[in-house]
Amino acid sequence: MRKHWFRFLKSTWGIFIEVTAEVDLQSIAPANAWRASRRVFVQNTVLNKLLPEEVNYLFCGVQSIAHEIESRTNPDKFVILRITDLMFAVTDYQPEGLYCAIREWAGEEFGFKPSAIPIDFNQSANQYIFTIPDPEAK
737 MRKHWFRFLK STWGIFIEVT AEVDLQSIAP ANAWRASRRV FVQNTVLNKL LPEEVNYLFC
797 GVQSIAHEIE SRTNPDKFVI LRITDLMFAV TDYQPEGLYC AIREWAGEEF GFKPSAIPID
857 FNQSANQYIF TIPDPEAK
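In terms of this note's numbering, the sequence shown has 772 at position 36, counting the first letter as 1, and numbering is strictly consecutive.
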């Protein structure tokens, strides 16, 4: 089990998200998980605590780096990412941060550096702007 802290600060407030997750390699595809790629699945014990938008950012984050995970694991095994806990301060939080947090967690777990996601601060809106690639644009 690994914890990762995603932190980003460009203003008087920042985004802090703690992801706790573990990896399980199995010979059989899990029945109770979301498929992110041919061999990468996501099990989330905290899904019922998240809004659909938040679940989507987590899942899309895994999908965006699933090829990296597959290239670093046994090709005969299914990879199950089990997200066991998420912590964040609701006052200093944007759901887009979940996309970046799970990508960074996976990078640490599997030994790669995910591509950077540009993040800017819009002072007049008092919010961070994440430039997340469109998965359909590939």
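Virtual Cβ for every residue (Gly too), placed ideally from N, Cα, C.
Coil, strand or helix - residue i by DSSP
i	result
Leu794	helix
Ala873	In this prediction, Ala873 has a pLDDT of 46, which is less than 50 and means its spatial position is unreliable; what the coordinates show is noted afterwards. Looking at Ala873 - three-state DSSP - the assignment turns out to be helix.
Lys785	helix
Trp749	coil
Trp741	strand
Arg771	strand
Phe846	helix
Tyr829	coil
Ile865	strand
Candidates the options: closest to residue i by CA position
i	options	result
Ala789	Ser747, Phe857, Ser851 and Leu834	The identity of residue 789 in the sequence shown is Glu, whereas the question assumes Ala. The candidate whose alpha carbon is nearest that of Glu789 is Leu834.
Val776	Gly797, Leu787, Tyr793 and Ala802	Ala802
Asp821	Ala757, Ala767 and Tyr864	Ala757
Val860	Val798, Trp741 and Ser747	The displayed chain sequence assigns Ser, not Val, to residue 860. The residue with the shortest Cα to Cα distance from Ser860 is Ser747.
Ala767	Val815, Asp828 and Cys836	Val815
His740	Glu806, Cys836, Asn784 and Phe857	Cys836
Own chain residues within Cβ distance below 8 Å of residue i, not counting five before or after
i	result
Lys874	Because Lys874 carries a pLDDT of 48, less than 50, the predicted location of this residue cannot be relied on, and the following value inherits that uncertainty. Excluding sequence neighbours, Lys874 sits near nothing in its chain.
Pro854	Phe866 and Thr867
Own chain, CB closer than 7 Å to residue i, minus 5 neighbours either side, in chain order
i	result
Ser845	With the sequence shown as reference, residue 845 is identified as Glu, and Ser is not the correct amino acid for it. So the list reads Arg738 and Val759, once near-sequence residues are dropped.
Chain-order list of residues whose beta-carbon lies under 6 Å from that of residue i (same chain, five-residue window excluded)
i	result
Arg743	Phe752
Phe824	Ile753
Bridge partner(s) assigned by DSSP for residue i
i	result
Met823	Glu754
Arg818	Glu758 and Gln779
Beta-carbon proximity of residue i to residue j, cut-off 8 Å
i	j	result
Leu787	Ile819	no
Arg839	Pro831	no
Lys813	Gln779	no
Glu804	Phe848	yes
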